[in-house]
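Visitor: Structure in C-alpha cells, see below.
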Amino acid sequence: MAAFVIAINLFPPFSFSYIIDIKYMSIEEKDLVSRAVKGDGKAFAQLYEEHFDKIYRYLYFRLGNKEEAEDLTQEVFVKALEAIGSYKWRDLPFAAWLMRIARNRMIDYWRKEGKVEKLAWDDNIAHVEGPNPALIAEQRLEIKDLVGKIKKLSKGQREVISLRFGGEFSVAEVAKVLNKSTGTVKALQHSGIIALRKMLLTDK
Amino acid sequence: MDKKIRIEDILDDCLERMLNGESIEDCLQYYPWQATKLEPLLRTSSELIQKSAAIQPDPDFKARVHSQLQGKLYAKRVKAEKKASVPVWRGRWAMAMTSVFVVLLAGVATVAASANALPDESLYGMKLATENAMVTLASSGENEAELHIQFAERRTVEIAEMARQGKSDRIPELTEQFTTHLNEVNQVEPRPGSGAKMPQLLAPDVALNRDGAVDDSTSKGGEQEEKLKIMLDNSRARSLSTLSVVLAEAPSEAKASLKQAISDVTQDYDETLADMENAAISATRKKPELSVEQSSKDVKRELRKKAYNLESASTLEVQNKAETSLK
Numbered sequence: 161m162a163a164f165v166i167a168i169n170l171f172p173p174f175s176f177s178y179i180i181d182i183k184y185m186s187i188e189e190k191d192l193v194s195r196a197v198k199g200d201g202k203a204f205a206q207l208y209e210e211h212f213d214k215i216y217r218y219l220y221f222r223l224g225n226k227e228e229a230e231d232l233t234q235e236v237f238v239k240a241l242e243a244i245g246s247y248k249w250r251d252l253p254f255a256a257w258l259m260r261i262a263r264n265r266m267i268d269y270w271r272k273e274g275k276v277e278k279l280a281w282d283d284n285i286a287h288v289e290g291p292n293p294a295l296i297a298e299q300r301l302e303i304k305d306l307v308g309k310i311k312k313l314s315k316g317q318r319e320v321i322s323l324r325f326g327g328e329f330s331v332a333e334v335a336k337v338l339n340k341s342t343g344t345v346k347a348l349q350h351s352g353i354i355a356l357r358k359m360l361l362t363d364k
Numbered sequence: 010m011d012k013k014i015r016i017e018d019i020l021d022d023c024l025e026r027m028l029n030g031e032s033i034e035d036c037l038q039y040y041p042w043q044a045t046k047l048e049p050l051l052r053t054s055s056e057l058i059q060k061s062a063a064i065q066p067d068p069d070f071k072a073r074v075h076s077q078l079q080g081k082l083y084a085k086r087v088k089a090e091k092k093a094s095v096p097v098w099r100g101r102w103a104m105a106m107t108s109v110f111v112v113l114l115a116g117v118a119t120v121a122a123s124a125n126a127l128p129d130e131s132l133y134g135m136k137l138a139t140e141n142a143m144v145t146l147a148s149s150g151e152n153e154a155e156l157h158i159q160f161a162e163r164r165t166v167e168i169a170e171m172a173r174q175g176k177s178d179r180i181p182e183l184t185e186q187f188t189t190h191l192n193e194v195n196q197v198e199p200r201p202g203s204g205a206k207m208p209q210l211l212a213p214d215v216a217l218n219r220d221g222a223v224d225d226s227t228s229k230g231g232e233q234e235e236k237l238k239i240m241l242d243n244s245r246a247r248s249l250s251t252l253s254v255v256l257a258e259a260p261s262e263a264k265a266s267l268k269q270a271i272s273d274v275t276q277d278y279d280e281t282l283a284d285m286e287n288a289a290i291s292a293t294r295k296k297p298e299l300s301v302e303q304s305s306k307d308v309k310r311e312l313r314k315k316a317y318n319l320e321s322a323s324t325l326e327v328q329n330k331a332e333t334s335l336k
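Going down the list, the sequences are from chains W and P.
Heads up: the first sequence runs through residues 161 to 364, numbered per my numbering.
Heads up: the second sequence runs through residues 10 to 336, numbered per my numbering.
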C-alpha cells in the first residue's frame, strides 16, 4: 500500500485526483462546448469568460504590445463565434482549438502587415490591476522586462513558455496545439526556463 | 524511488504542483536527489507564474468585446430564426394582420401609450408590433424607408436611456435592431402599383428597369433620394448627439457597451449614407445592357470601400465629442 501511495505521488498523471480532475473538467467543458456548438449563447459566454484572459496573455507574451494583443484577442473570439458551429470535439480539445485560431491569426497578422516577430520591446505595456500605484508601476516594469527576455528565447522555447505560462496550458495541450510530442514540449520547457534563469542572473 | 526519471519530467511535475498551489519546498521534497538542480529552475518558474498572473486584459476592453459578441450572437439567432420562418411575403402579412388585430384589441389609447415604452417595460412589445404593422402597410418604398430611419433613431434613444439607467445588457440587442432597420433603408422592395422604386436603384437622372433599359419614370427618384439622404443625415446628427451626451452621464459599468454602440451606430449611418451616394453614382454610370443584379454587386463593392474609409473618421469624431463632454 505504501509503495502504491509513493508511486501515486511520484507519477501524478496516474494519481486518482489527477484523473478525476481531468475527467470532471472534460465533462463540464464538453457539455458547455456542445451547447455552444448548437448555438447556446450563454454557453459561449461562459467559454469566453473561461478562456479570454489566457488567450490575451498568450498573445501579449508573443506580441509584446497591449494594443496588438487586444486587437487579435478580439478577432480570435469573433472568429471562434463564427466557426463554433463546425467545431468537432474529436479533432482537438476546445482550448487547443481556440489557441490554434490565436496562433493562425497572429501568423496572418505578421504576414499581412509585412512584419516579422518583433524582438525589441515597445512601451505599450499590459494592464495591471492593484490598489497601490507605485506597486503597479513596478510590476509593469517587471512584466516588460520578463516579456523582453521571453522574446530572446528560441522560437520553440518562446512558443512553449508563452503557451504554458501565458495560456496556462498543460504540456499535453501545448503538444496538441504545436503538433509536437509531450517529450519535445517538456524538453523545450526545460531549456527555456534554464535560458530565462541565465538572463535573469545576468541582470542581477 | 526511481532516480532515472528525466529532469524534464520532474520539472514538469513540479510545475503542475506549483500551479495547483504547492510550494517550491514541497516539490523539492519529492525529488531530494535533484534538489540542487531543481531549485533554481523552480524559483525562475515561480517568478514566471507570478508575473504572468499579474497580466490582465483591460476590463473596459474585455467588456467591449463581450458586448460585441453579444450583438453578434443576437444577429446569429435572428438570422437562424428568419431562415426557419415562412416565406417573406407571407410572414410580413401575417405579422401585419396580427399586429392590426392586437392594436384593435388593445385599443388606440394603449398603442399611443406604448410609443414611449422602453425595452424593459410591458408595452414595449406593443411598440414593436405597431412599428412592424406600419412598415408592412407603408404606402410606398420611400415611405417604408422613412419609417425604418425613424425606428432606427428610436432604437438609439432607447440605447441612451438603457445606458443612463445602467442596463448595459440591453444595449447590444438594441444596437442590432438599429442595424437591421438601417440595412432595410436601402433594401426596401417596390410596392406593386405604388410606382415607387427601390432606393438603391434611384439615380438623379437615369435608372434602369429590370430589363436593363433606361427607365424614364425616375426623374422624381433624385428628389426622393435627396429627401431620404437629408432625413438620414439629420437622424445621424440627433442620434449621435443624444448618445454622446449620455456617455458623459452614464454609470461606469454601462460606458463600455455604450462606446461600442456609438461606434456601431456611427458606422451603420455612414455605410447607409455612402450606400445611397454610391448607388446613385453607380446607376448613372451604368450602361443600359448591364443587368440590375450586376449593377447592385458593383455598388456594394464600392460602398464597402467607402464605408471603410468613412468609419475611422466618423468614429473619431464621435469619440472626440464624447470626450469633450466628459471633460
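The beta-carbon is built from N, C-alpha and C at its ideal position, and this holds for glycine as well.
Note that the coordinates shown come from a computational prediction; the quantities given were computed from them, not determined experimentally.
1. Pull out every residue of the segment 196 to 207 of chain W whose Cβ sits closer than 9 Å to any Cβ of chain P, in chain order.
2. Please name the residue in His190/P, Thr189/P and Arg164/P whose C-alpha comes closest to that of Phe179/P.
3. Helix, strand or coil for Tyr216/W per DSSP?
4. Pull out every residue of the segment 244 to 268 of chain W whose Cβ sits closer than 8 Å to any Cβ of chain P, in chain order.
5. Is the Cβ of Val331/W closer than 7 Å to any Cβ of chain P?
6. Return the chain-ordered list of same chain residues with a C-beta closer than 6 Å to the C-beta of Asp18/P, the five sequence neighbours on each side being excluded.
7. Going along chain P, which residues have a C-beta under 7 Å from Lys298/W?
8. Relative to the alpha-carbon of Ile353/W, which residue among Gly224/W, Ser314/W and Asp200/W has its alpha-carbon at the smallest distance?
9. How would you list, in chain order, the residues of chain P whose beta-carbon sits under 7 Å from the beta-carbon of Leu360/W?
10. Return the CA-CA distance between Leu132/P and Glu167/P, expressed in angstroms with no decimal places.
11. Counting only C-beta atoms, is Ala347/W closer than 7 Å to chain P at any point?
12. Of all Cβ atoms in chain W, is any one closer than 7 Å to the Cβ of Lys60/P?
13. Counting along the chain, where does the alpha helix (DSSP H) carrying Trp270/W start and finish?
14. Would you kindly work out how many angstroms separate the C-alpha atoms of Tyr208/W and Thr342/W, rounded to a whole number?
15. Report the residues of the segment 224 to 238 of chain W with a CB closer than 9 Å to any CB of chain P, ordered along the chain.
16. Pick out whichever of Leu295/W, Ala294/W and Phe325/W has its Cα sitting closest to the Cα of Val307/W.
17. Apply the 10 Å Cβ neighbour rule to Glu262/P and answer buried if 16 or more other Cβ atoms are within range, or exposed otherwise.
18. Can you check whether the C-beta of Arg219/P is within less than 7 Å of a C-beta belonging to chain W?
19. Between the Cα of Val197/W and those of Asp268/W, Val236/W, Glu328/W and Gly245/W, spot the shortest distance and give me the residue it belongs to.
20. To the nearest angstrom, report how far apart Glu234/P and Thr145/P are at their CA atoms.
21. Locate the alpha helix (DSSP H) running through Leu56/P, then write down its first and last residues.
22. Of the residues Gln349/W, Ile303/W and Leu301/W, which one's Cα is nearest the Cα of Gly316/W?
23. Please identify the residue among Thr362/W, Phe212/W and Leu356/W whose C-alpha is closest to the C-alpha of Ser54/P.
24. Residues of the segment 295 to 323 of chain W with a CB closer than 8 Å to any CB of chain P: list them in chain order, please.
25. What do you reckon, are the CB atoms on Lys340/W and Asp21/P nearer than 7 Å?
26. Is it right to say Leu51/P is buried, meaning 16 or more other beta carbons lie within 10 angstroms of its own, or is it exposed?
27. Check whether chain W comes within 7 Å of Val74/P, counting only Cβ atoms and requiring the distance to be less than that.
28. Could you spell out where the alpha helix (DSSP H) holding Phe187/P opens and where it closes?
29. Cβ atoms of Leu252/W and Lys81/P: under 7 Å apart, would you say?
30. Start and end of the alpha helix (DSSP H) containing Tyr133/P?
31. Show which residues of chain P have a CB atom less than 9 Å away from the CB atom of Leu241/W.
32. Cβ closer than 8 Å: which chain P residues qualify as neighbours of Arg222/W?
33. Helix, strand or coil for Gln79/P, going by three-state DSSP, please let me know.
34. Have a look at Ala294/W, Ala256/W and Phe237/W and flag the residue whose alpha-carbon is nearest the alpha-carbon of Gln206/W.
Guide: The short version:
1. Gly199, Gly201, Phe204 and Ala205
2. The amino acid at residue 179/P is misidentified as Phe; the sequence shows Arg. That would be Arg164/P, whose Cα lies nearest to the Cα of Arg179/P.
3. helix
4. none
5. yes
6. none
7. A quick correction: the sequence has Glu, not Lys, at residue 298/W. Within chain P, no residue comes near Glu298/W; the closest Cβ sits about 10 Å away, beyond 7 Å.
8. Ser314/W
9. Thr53
10. 14 Å
11. yes
12. yes
13. Phe254 to Lys272
14. 27 Å
15. Lys226, Ala229, Glu230, Thr233, Gln234, Phe237 and Val238
16. Phe325/W
17. exposed
18. Bear in mind that the predicted position of Arg219/P carries a pLDDT of just 39, short of 50, making it too unreliable to give a figure here.
19. Gly245/W
20. 20 Å
21. Strictly speaking, residue 56/P in this sequence is Glu, with Leu absent from that position. Element bounds for Glu56/P: Ala44 to Ala63.
22. Gln349/W
23. Leu356/W
24. Gln299, Glu302, Ile303, Leu306 and Ile321
25. no
26. buried
27. yes
28. Ile180 to Val194
29. no
30. Tyr133 to Thr145
31. Leu78, Lys81, Leu82 and Lys85
32. Correct list: empty, because the minimum Cβ distance to chain P is about 12 Å.
33. helix
34. Phe237/W
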